[in-house]
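Since the structure comes first, as structure tokens, the remarks are kept for the end.
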Amino acid sequence: MNKNLKWRHYKALNQIYEQGFTKNKIKDHPYVKYLLDNDYLQPQIGKPDILEEGIGFKKIYESELKTNYSYFLSFLIEEDVITDQSNYSERDILSLMFIKEQKNQILQDQYSRKKFSAVFFKDSGAKHLDKNPGLETAVLKLLGLKEFPEKDPKNQQYKFVINCPNPKCIVLCENLDFLLLPWIARENNIELWYAGGNNIEKLNHLPKIYLPIFYSCDWDYDGLRIFQRVKNIIPDIELLIPTSTDFSKSVKSPNHKSDWVYTKNFSNLDYDLYSSDAKKIIEYLIRRKEWIEEETMDLIELLSNMESKIH
Numbered sequence: 169m170n171k172n173l174k175w176r177h178y179k180a181l182n183q184i185y186e187q188g189f190t191k192n193k194i195k196d197h198p199y200v201k202y203l204l205d206n207d208y209l210q211p212q213i214g215k216p217d218i219l220e221e222g223i224g225f226k227k228i229y230e231s232e233l234k235t236n237y238s239y240f241l242s243f244l245i246e247e248d249v250i251t252d253q254s255n256y257s258e259r260d261i262l263s264l265m266f267i268k269e270q271k272n273q274i275l276q277d278q279y280s281r282k283k284f285s286a287v288f289f290k291d292s293g294a295k296h297l298d299k300n301p302g303l304e305t306a307v308l309k310l311l312g313l314k315e316f317p318e319k320d321p322k323n324q325q326y327k328f329v330i331n332c333p334n335p336k337c338i339v340l341c342e343n344l345d346f347l348l349l350p351w352i353a354r355e356n357n358i359e360l361w362y363a364g365g366n367n368i369e370k371l372n373h374l375p376k377i378y379l380p381i382f383y384s385c386d387w388d389y390d391g392l393r394i395f396q397r398v399k400n401i402i403p404d405i406e407l408l409i410p411t412s413t414d415f416s417k418s419v420k421s422p423n424h425k426s427d428w429v430y431t432k433n434f435s436n437l438d439y440d441l442y443s444s445d446a447k448k449i450i451e452y453l454i455r456r457k458e459w460i461e462e463e464t465m466d467l468i469e470l471l472s473n474m475e476s477k478i479h
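In the working numbering, the protein residues as written are 169 to 479.
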């Protein structure tokens, strides 16, 4: 399940793992409810607000949480961006790690506060840093800045790359999500690119590409329209096709603003650009008024269907 844990949940669950109990109030979180419902955790008799270790908790903690907790804690301490009040989301921490790794490129590109928030914290968008001043402090510290520039420079031409020693292919991503998990790409010899979603004009200035290149995106109207524009710039690029529609959701889901064009055949997309498998999925999604979010897909599974095209 998608845990969506915050740092306080990680700390409390680690406390249970190490000490057998926690007094932190975390029972309302869906993942904690799951642990309670399956007896991995249990309320203390007479003190139901205190959670205790249940049968099998250590095993599930070690398989699902321990590595992430240790990894996150090491980063936060090493970069000195943690306080007793810190309550980053898991995605916030992954974004901070990405910001640290891409520091030089970010400083070169220069972002206003609003643009930075929208690019690196997409779920809450341009106001995410407004709502999380502690996160903004951490970002500025990682970048060595006192404040963000007041305005974005004209013709911003950023492209973020996750390099690996021996890449076998390139995946250009519509969103940042896969780049926030760089070890997955590196372990599988995949070079990841992110060029800013809809802002693809910079791709016109790429040198010759010698590796197989693929495109990963949200499977909605906007994501596929961006793919078509990318295809005009990089004719050899191939679209990565979802291996399942199990995680499709309504086009009216929160924070989603793309809808299909129901009055036009194939939602007015270029029918000839898509494989038969892709067409079936697109038609299925249009019919059901649904979409598939890029981050719900598995990068390695997406590429498994392209093995014949990867040398």
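Don't be surprised by glycine CBs; every beta carbon is placed ideally from N, CA and C.
For the putative contact between Leu308 and Lys314, defined by C-beta atoms under 8 angstroms, what is the C-beta separation to the nearest angstrom?
The sequence position of residue 308 within the sequence shown is 140, counting from 1. The sequence position of residue 314 within the sequence shown is 146, counting from 1. The pair is a contact, with the Cβ atoms about 7 angstroms apart (cut-off 8 angstroms).
Considering only the beta carbon of each residue, do Asp404 and Ile460 sit closer than 9 angstroms?
As a working note, residue 404 is residue 236 in the sequence shown. As a working note, residue 460 is residue 292 in the sequence shown. Between Asp404 and Ile460, the C-beta gap is not smaller than 9 angstroms, which leaves the two residues out of contact.
Can the beta-carbon of Glu355 be found less than 9 angstroms from the beta-carbon of Phe382?
Taking the first residue of the sequence shown as position 1, residue 355 is located at position 187. Taking the first residue of the sequence shown as position 1, residue 382 is located at position 214. No, these two residues do not count as a Cβ contact at 9 angstroms.
So if DSSP puts Glu220 in a beta bridge, which residue, or which two residues, is it bridged to?
Taking the first residue of the sequence shown as position 1, residue 220 is located at position 52. Answer is Phe189, Gln210, bridged to Glu220.
Using the C-alpha atoms, what's the distance from Asp207 back to Glu247?
Numbered from its first residue, the sequence shown carries residue 247 at position 79. Numbered from its first residue, the sequence shown carries residue 207 at position 39. Distance between the alpha carbons of Glu247 and Asp207: 37 angstroms.
Val339 and Ser384 closer than 9 angstroms at C-beta:
Taking the first residue of the sequence shown as position 1, residue 339 is located at position 171. Taking the first residue of the sequence shown as position 1, residue 384 is located at position 216. Yes. Within cutoff.
Cutting at 7 angstroms between CB atoms, please list the residues of its own chain near Gln253, excluding the five before and the five after it.
Counting from 1 along the sequence shown, the entry for residue 253 is found at position 85. Same-chain partners within the cutoff: Gly302.
For Ile267, the first and last residue of its enclosing beta strand (DSSP E)
For the purposes of this step, residue 267 is taken as residue 99 along the sequence shown, with counting starting at 1. Annotation: Ile267 is outside any beta strand (DSSP E); the continuous alpha helix (DSSP H) that includes it extends over 258-269.
What residue range does the alpha helix (DSSP H) around Leu173 cover?
In the sequence shown, counting from the first residue as 1, residue 173 sits at position 5. For Leu173, there is no enclosing alpha helix (DSSP H), since its DSSP letter is neither H nor E.
Determine the burial state of Ile194: buried for a count of at least 16 other Cβ atoms within 10 Å of its Cβ, exposed for fewer.
Locating residue 194 in the sequence shown gives position 26, where the first residue counts as 1. Around the beta carbon of Ile194, a 10 Å sphere encloses 16 or more other beta carbons of the protein chains shown; the residue is thus reported as buried.
Let me make sure I understand the geometry here. Which of Phe288, Glu258, Ser412 has the alpha-carbon closest to that of Lys271?
Position 103 of the sequence shown, counted from the first residue, corresponds to residue 271. In terms of Cα proximity to Lys271, the closest of Phe288, Glu258, Ser412 is Phe288.
Comparing alpha-carbon positions, which option in Leu233, Gly214, Ala286, Lys477 lies nearest Glu258?
Taking the first residue of the sequence shown as 1, we reach residue 258 at position 90. Nearest C-alpha to Glu258: Leu233.
In terms of alpha-carbon separation, which member of Ala446, Tyr229, Ile394, Ser444 lies closest to Ala363?
Start at 1 with the first residue of the sequence shown, and residue 363 comes out as number 195. Closest by alpha carbon: Ile394.
What residue does the alpha helix (DSSP H) around Ser231 start on, and which one ends it?
Start at 1 with the first residue of the sequence shown, and residue 231 comes out as number 63. First-last of the alpha helix (DSSP H) with Ser231: 225-232.
From Tyr199, Asp445, Lys457, pick the residue whose C-alpha is nearest to that of Ser421; which is it?
Translated into positions along the sequence shown, residue 421 becomes position 253. A check of alpha carbon separations from Ser421 across Tyr199, Asp445, Lys457 identifies Lys457 as the nearest.
Along the chain, where does the alpha helix (DSSP H) containing Tyr452 start, and where does it finish?
Here residue 452 refers to the residue found at position 284 when the sequence shown is read from its first residue. Per DSSP, Tyr452 belongs to the alpha helix (DSSP H) from 444-456.
Could you say if the stretch 172-190 and the stretch 263-278 meet the contact criterion of at least three C-beta pairs nearer than 8 angstroms?
These segments do not touch.
Can you tell me which of the three DSSP states Phe382 falls into?
On the sequence shown, residue 382 is found 214 positions in, with the first residue counted as 1. Correct three-state label for Phe382: strand.
Tell me, which residues are paired with Ser472 by DSSP?
As a first step, residue 472 must be located in the sequence shown, where it is residue number 304. Paired residues: none, contrary to the question.
Provide the residue(s) that pair with Phe484 in DSSP beta bridges, ordered along the chain.
Since the first and last residues shown for the chain are 169 and 479, residue 484 lies out of range.
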